[in-house]
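What follows is a short report on a single structure.
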Amino acid sequence: NAGVMQNPRHLVRRRGQEARLRCSPMKGHSHVYWYRQLPEEGLKFMVYLQKENIIDESGMPKERFSAEFPKEGPSILRIQQVVRGDSAAYFCASSLYQGREGQPQHFGDGTRLSIL
Amino acid sequence: SQKIEQNSEALNIQEGKTATLTCNYTNYSPAYLQWYRQDPGRGPVFLLLIRENEKEKRKERLKVTFDTTLKQSLFHITASQPADSATYLCALPNRDDKIIFGKGTRLHILP
């Protein structure tokens, strides 16, 4: 009965390196969301994906950031050429379906990314 | 666009008392509103959902109200316990059904 699994929990990168964050949704969930959270700030939506499709990436920076949710395997949030400003907690959430029904989102415990 | 306002100052409540947290939104009334709890170093956990046609919702010691006239939801924890100490987030859908979250209110229950 595993919940949303994110790894790694902590990731340290030097400026210019790549960061890959992984998220396995709850069993049976096909909707995945990525959020970014800074200290004392709210959760900021980044991207919404269904299997093999990006549905809404309006919260993603246009450069260096990409996300995927392949048919097999976890969802990946990829940050290329990281900069200090990318340091944050990145949360993944999944839901059973999307729509106006108010389906709750189930969150992982996040990946804390630190850029040296 | 819709904005959510939650009290940014921490709320200190004596154990056993009722804690009341406020969530205000600025524009149109959403079809529903959600409350989540977040502990340090953890992801948010869904607690309750209340729909626009519901005035009040209860779950054990939790109670949520939704006043579309005031554009406000109140979140109550009765008989509060130190284990209730956490940050509580209000969330609601934007016009494009995307969920937006408030910054949260930190609650400290003092023993």
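From first to last, the protein sequence lines stand for chains A and B. For the record, in the first sequence the residue sitting at position 14 is 14 according to my numbering, with numbers rising by one throughout. For the record, in the second sequence the residue sitting at position 93 is 93 according to my numbering, with numbers rising by one throughout. Glycine included, C-beta positions come from ideal geometry on N, C-alpha and C. Keep in mind that this is a model prediction, so the values were computed, not measured.
Check your understanding: Leaving out the 5 sequence neighbours to the left and right, which residues in its chain are closer than 8 Å to residue 99 of chain B when beta-carbon positions are compared?
Key -> 34, 91, 92 and 93
Practice item. Run down chain A in chain order and give the residues with a C-beta less than 8 Å from the C-beta of residue 49 of chain B. Key: 102 and 104
Check your understanding: Given a threshold of 16 other Cβ atoms within 10 Å of its Cβ, counted over all protein chains shown, does residue 30 of chain B qualify as buried or as exposed?
Key -> buried
Practice item. For residue 36 of chain A, collect the residues of the same chain with a Cβ closer than 7 Å to its Cβ; drop the 5 residues on either side in sequence, then sort them by chain order. Key: 44, 46, 88 and 90
Check your understanding: In chain order, what residues of the same chain have a beta carbon less than 8 Å from the beta carbon of residue 8 of chain B, not counting five sequence neighbours either side?
Key -> 103 and 105
Point to revise | Counterpart residues of residue 75 of chain A in DSSP-defined beta bridges | key: A:23
**Study point:** 8 Å Cβ cutoff, residue 101 of chain B in contact with chain A
**Key:** yes
Review point. In angstroms, rounded to a whole number, what distance separates the CA positions of residue 69 of chain A and residue 26 of chain A?
Key: 14 Å
Check your understanding: Using a Cβ cut-off of 8 Å, which residues of the segment 42-71 of chain B contact any Cβ in chain A, in chain order?
Key -> 42, 43, 44, 45, 46, 49 and 51
Review point. Run through DSSP, which three-state label would residue 109 of chain A get?
Key: coil
**Study point:** Test: residue 3 of chain B CB closer than 8 Å to a CB of chain A
**Key:** no
Review point. Is the Cβ of residue 65 of chain A closer than 8 Å to any Cβ of chain B?
Key: no
Check your understanding: Cα separation between residue 111 of chain B and residue 68 of chain B?
Key -> 35 Å
Exercise for review: Quick one: residues in its chain with C-beta nearer than 6 Å to the C-beta of residue 26 of chain B, no 5 flanking neighbours on either side, listed in chain order?
Suggested key: 3
Check your understanding: Based on Cα-Cα distance, which residue from B:86, B:109, B:53 and B:101 lies nearest to residue 41 of chain B?
Key -> B:86
Review point. Alpha carbon to alpha carbon, how far is residue 60 of chain B from residue 39 of chain B?
Key: 20 Å
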